[in-house]
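In our numbering, the protein residues as written are 79 to 465.
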């Protein structure tokens, strides 16, 4: 029998520079009770272990670990473990931080970054690195077994130390773009189509009403608002009709936002990473980028609400994008034109630039900065683009 003596800490900035090795981990739990945990873990897609852990006594607990065939582990994860699995990048630190690891979670636990230190004795005095912010060893919510059943974003708001977003967007290590109304001029088209279909379905809606009430939201949000206000639901097949008519309109009328290609080119020249994170379904998002000629700027750096459990205004999507891009969320800036998007950026601990070309600037007052066109956006990002 082995004994695990492990301390856990939340972290801030500064640890990433000392990473010497990174491995990708997927793990699930057949049992996640406080008195016992039974875990299957696959590392780098090549190594698999079965681990049984006893009840925790402070930082200590009994641990038994056995290698298992990779194919068996995959089947156990798929058939016997609740979904979604715990997914993380495990970073091993060097220099004078030898023995420390930092787990950077993504998927359902996107946004959580936690350090672990394997100690010889729980009573050992440890010199904590400057980037450690809070010890959470005895907070069972941070156990991986607990995170499997109750992911971090579902309870973290208001309990975890608030990240400190950038004060100057030009210093960002990552720029996350919303799509509709920021990269592509789709909001007028989408809201025209939505207003027409809502009116046909017996919910009289003008284009102006749709822009004011529904811009930046999902069809599920529209449905919920109408149900609350009228007690009626959208008719069967509404989503399919909306999608078909919208695709037809996009293929005919969609254009990129004026000057946005130049902003993306300037970011590329400077070497600043960027991606898109949108509430749009993946197929519609891909269509818009392709039709407008912007797809080549993003390649595979495209994230959508289908990637996470909760869409905007929850922080999940932006946190997921930051993790997949390998950037601390506090070092990212979001470009958004909707209130739910700005709220999501704030909840993620990220700086934001409100793009007020169509949205009234006062509605985006929660953003770090507010701009009205791509020239002003470029200036906030510290970019030089042709006038």
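For glycine and all other residues, C-beta sits at the position ideal for the given N, C-alpha and C.
None of the values given here were measured: they were computed from a predicted structure.
Beta-carbon gap between residue i and residue j smaller than 8 Å
{"i": "residue 452", "j": "residue 335", "result": "yes"}
{"i": "residue 120", "j": "residue 152", "result": "yes"}
{"i": "residue 232", "j": "residue 175", "result": "no"}
{"i": "residue 167", "j": "residue 102", "result": "yes"}
{"i": "residue 188", "j": "residue 409", "result": "no"}
{"i": "residue 332", "j": "residue 369", "result": "yes"}
{"i": "residue 436", "j": "residue 259", "result": "yes"}
{"i": "residue 108", "j": "residue 116", "result": "yes"}
Own chain residues within Cβ distance below 7 Å of residue i, not counting five before or after
{"i": "residue 247", "result": "411, 429, 431, 446, 447, 458 and 459"}
{"i": "residue 257", "result": "354, 356, 358, 363 and 366"}
{"i": "residue 279", "result": "312, 313 and 316"}
{"i": "residue 173", "result": "96"}
{"i": "residue 208", "result": "92"}
Classification of residue i by the beta-carbon crowding that lies within 10 angstroms, buried from 16 upward
{"i": "residue 89", "result": "buried"}
{"i": "residue 378", "result": "exposed"}
{"i": "residue 221", "result": "buried"}
{"i": "residue 424", "result": "buried"}
{"i": "residue 418", "result": "buried"}
{"i": "residue 183", "result": "buried"}
{"i": "residue 156", "result": "exposed"}
{"i": "residue 200", "result": "The pLDDT assigned to residue 200 is 46, lower than 50, so where the model puts this residue is not dependable; a value taken from the coordinates is nonetheless given after this. Residue 200 should be labelled exposed."}
{"i": "residue 394", "result": "buried"}
{"i": "residue 314", "result": "exposed"}
{"i": "residue 414", "result": "buried"}
{"i": "residue 185", "result": "buried"}
{"i": "residue 218", "result": "exposed"}
{"i": "residue 104", "result": "buried"}
{"i": "residue 264", "result": "buried"}
{"i": "residue 181", "result": "buried"}
{"i": "residue 352", "result": "buried"}
{"i": "residue 295", "result": "buried"}
{"i": "residue 345", "result": "buried"}
{"i": "residue 206", "result": "exposed"}
{"i": "residue 420", "result": "buried"}
Residue range of the alpha helix (DSSP H) that includes residue i
{"i": "residue 388", "result": "Per DSSP, residue 388 belongs to no alpha helix (DSSP H) and is neither H nor E."}
{"i": "residue 338", "result": "338 to 348"}
{"i": "residue 230", "result": "Element bounds for residue 230: n/a, residue is neither H nor E."}
{"i": "residue 267", "result": "265 to 278"}
{"i": "residue 363", "result": "360 to 369"}
{"i": "residue 423", "result": "417 to 425"}
{"i": "residue 306", "result": "297 to 308"}
{"i": "residue 452", "result": "452 to 458"}
Alpha-carbon to alpha-carbon, residue j and residue i
{"i": "residue 106", "j": "residue 426", "result": "26 Å"}
{"i": "residue 239", "j": "residue 94", "result": "Unreliable positioning characterises residue 239 in this predicted model, as indicated by a pLDDT of 44, which lies under 50. The coordinate reading is nonetheless provided below. Answer to the nearest angstrom: the Cα atoms are 19 Å apart."}
{"i": "residue 163", "j": "residue 191", "result": "17 Å"}
{"i": "residue 302", "j": "residue 268", "result": "18 Å"}
{"i": "residue 375", "j": "residue 464", "result": "18 Å"}
{"i": "residue 461", "j": "residue 224", "result": "44 Å"}
{"i": "residue 170", "j": "residue 251", "result": "22 Å"}
{"i": "residue 291", "j": "residue 349", "result": "37 Å"}
{"i": "residue 282", "j": "residue 273", "result": "8 Å"}
{"i": "residue 329", "j": "residue 277", "result": "23 Å"}
{"i": "residue 454", "j": "residue 337", "result": "11 Å"}
{"i": "residue 111", "j": "residue 131", "result": "10 Å"}
{"i": "residue 228", "j": "residue 340", "result": "43 Å"}
{"i": "residue 371", "j": "residue 343", "result": "13 Å"}
{"i": "residue 54", "j": "residue 84", "result": "In the structure as shown, the chain begins at 79 and stops at 465. Residue 54 is therefore absent and cannot be evaluated."}
{"i": "residue 422", "j": "residue 438", "result": "18 Å"}
{"i": "residue 388", "j": "residue 196", "result": "34 Å"}
{"i": "residue 449", "j": "residue 416", "result": "13 Å"}
{"i": "residue 306", "j": "residue 402", "result": "36 Å"}
{"i": "residue 139", "j": "residue 254", "result": "41 Å"}
{"i": "residue 304", "j": "residue 160", "result": "34 Å"}
{"i": "residue 178", "j": "residue 204", "result": "11 Å"}
{"i": "residue 237", "j": "residue 327", "result": "Unreliable placement is indicated for residue 237, whose pLDDT of 47 sits below 50; no coordinate value is reported for it."}
{"i": "residue 142", "j": "residue 310", "result": "56 Å"}
Chain-order list of residues whose beta-carbon lies under 6 Å from that of residue i (same chain, five-residue window excluded)
{"i": "residue 148", "result": "126"}
{"i": "residue 128", "result": "118, 144 and 146"}
{"i": "residue 87", "result": "193, 210 and 213"}
{"i": "residue 400", "result": "407 and 410"}
{"i": "residue 158", "result": "108"}
{"i": "residue 360", "result": "382 and 384"}
{"i": "residue 133", "result": "113"}
{"i": "residue 386", "result": "394, 395 and 398"}
Spatial neighbours of residue i in its chain, beta-carbon cut-off 8 Å, leaving aside the 5 residues before and after
{"i": "residue 275", "result": "316, 319, 320 and 323"}
Residue i CB to nearest heavy atom of the ligand FMN below 7 Å
{"i": "residue 93", "result": "Ligands displayed in this structure: none; no statement on the ligand FMN is therefore possible."}
Limits of the beta strand (DSSP E) - the one that residue i falls within
{"i": "residue 146", "result": "Taken as a continuous stretch (DSSP letters only), residue 146 belongs to no beta strand (DSSP E), as it is neither H nor E."}
{"i": "residue 289", "result": "Looking at the DSSP string, residue 289 is not in any beta strand (DSSP E); the run it does join, the alpha helix (DSSP H), is 285 to 292."}
{"i": "residue 215", "result": "Looking at the DSSP string, residue 215 is not in any beta strand (DSSP E), and its letter there is neither H nor E."}
{"i": "residue 108", "result": "97 to 111"}
{"i": "residue 169", "result": "164 to 171"}
{"i": "residue 181", "result": "178 to 184"}
{"i": "residue 254", "result": "252 to 255"}
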